[in-house]
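In my numbering, the protein residues as written are 1207 to 1487. Structure first, commentary second.
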Amino acid sequence: MGCAYARGVENHSLPRTAAFFDLDKTVIAKSSTLTFSKSFYQGGLINRRAALRTAYAQFVFMLGGMDHDQMERMRAYMSAMCRGWNVQQVKELVAETLHDLIDPIIYDEAASLIEMHHTAGRDVVIVSTSGAEVVEPIGELLGADRVVATRMAVGDDGCFTGEVEYYAYGPTKAEAIKELAESEGYDLARCYAYSDSATDLPMLRSVGHPHAVNPDRTLRREAVAQGWPVLDFHRPVRLKQRIPGLAVPARPALVVAAAIGAAAATAGLVWYASRRRSAIA
């Protein structure tokens, strides 16, 4: 099932290796979903209270992210949150603000790594729990070869039904990678993977070269125990600052610049702030 949701950005020759990247706090410095909360508020998809909660949730996410139980409860919350949203409107809002919101928060270190993998002939694949409506256009803009992302069911009216059709999280990410390896001919023993979260341990363990990036406490402990490289990314930089004269969004230049972006489907992380407020009350 996972492979059905791996969207190719372009047709390329199929190399035998790939580099799989988680997104939030691995390639970009914030939560991709929460970064668009202002756009969704201005577009009328969320109200002022929800917008304020997403700002707080972004702060909490930056401090420590979410564990497995929190992510599972968040999935149920975001299903209800997105019900009735017009998919085309979401896509238009993302497209209108993509450059302004995502370009400034790409880690320079991640962009350099992606450039290195492309130069070595490896595919770059984003494997993100964020919604496809956010991840796919960012992947296309920034030169990712393939994208695996969460997908919400869409009704005949063009709106989200509130059901999660495919959830790219935890073991599901590893399953998608294995299916891609079979269909694209990747040798997983020679592939690379990068993530900041212990929830991605199945993905990291599925390749021969796992890397922990800005890891949470659990992942750092596992990385040290296994002898995996631990990377510290801390320099967000605009793509055009990396290469003078770079014209965003010229895709060929972005492939050379090699930066990708875009942790649950649209507006999902609002759940955390709501849950914490209820707990305090």
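C-beta atoms are modelled at their ideal positions from N, C-alpha and C, and glycine is treated no differently.
Check, Outcome
"Let me know the alpha helix (DSSP H) ranges lying completely inside the segment 1380-1457, each 4 residues or longer, listed in chain order.", "1407-1411, 1423-1432, 1445-1448"
"Are V1330 and I1344 touching if we call contact CB-CB under 8 Å?", "no"
"Less than 8 Å between the C-beta atoms of A1399 and V1413, yes or no?", "yes"
"Roughly how many angstroms lie between the CA atoms of L1395 and L1386, to the nearest whole one?", "The displayed chain sequence assigns Ala, not Leu, to residue 1395. Each residue's Cα considered, the two are about 14 Å apart."
"Taking 8 Å as the threshold, find out whether the segment 1335-1349 comes into contact with the segment 1292-1311 through three or more Cβ pairs.", "yes"
"At which residues does the alpha helix (DSSP H) containing I1320 begin and terminate?", "1314-1325"
"Do the CB positions of I1312 and V1436 come within less than 8 Å of each other?", "no"
"Report the three-state DSSP secondary structure of T1232 (helix, strand or coil).", "coil"
"Just the C-alpha distance for T1223 and G1250, rounded to the nearest angstrom, thanks.", "43 Å"
"Which class does T1223 belong to by DSSP, given the choice of helix, strand or coil?", "coil"
"Exposed or buried, D1228, counting other C-beta atoms within 10 Å across all chains shown (16 or more means buried)?", "buried"
"Excluding sequence positions up to five away, which residues of its chain have a Cβ less than 7 Å from the Cβ of A1235?", "I1311, Y1313, P1442"
"Mark M1322 as exposed unless 16 or more other C-beta atoms lie within 10 angstroms of its C-beta, in which case mark it buried.", "exposed"
"Strictly by DSSP, which residues pair up with D1351?", "Answer by DSSP bridge pairing: none, since D1351 is not bridged."
"Output the distance between the C-alpha atoms of G1451 and V1300, rounded to the nearest integer angstrom.", "Caution applies to G1451, whose pLDDT of 42 falls short of 50 and renders its modelled position unreliable; the value that the coordinates give is listed next. C-alpha separation (whole angstroms): 25 Å."
"Could you check whether V1353 and I1383 sit closer than 8 Å to each other, using their CB atoms as the reference points?", "no"
"What is the rounded straight-line gap between the Cα of A1338 and the Cα of A1317?", "21 Å"
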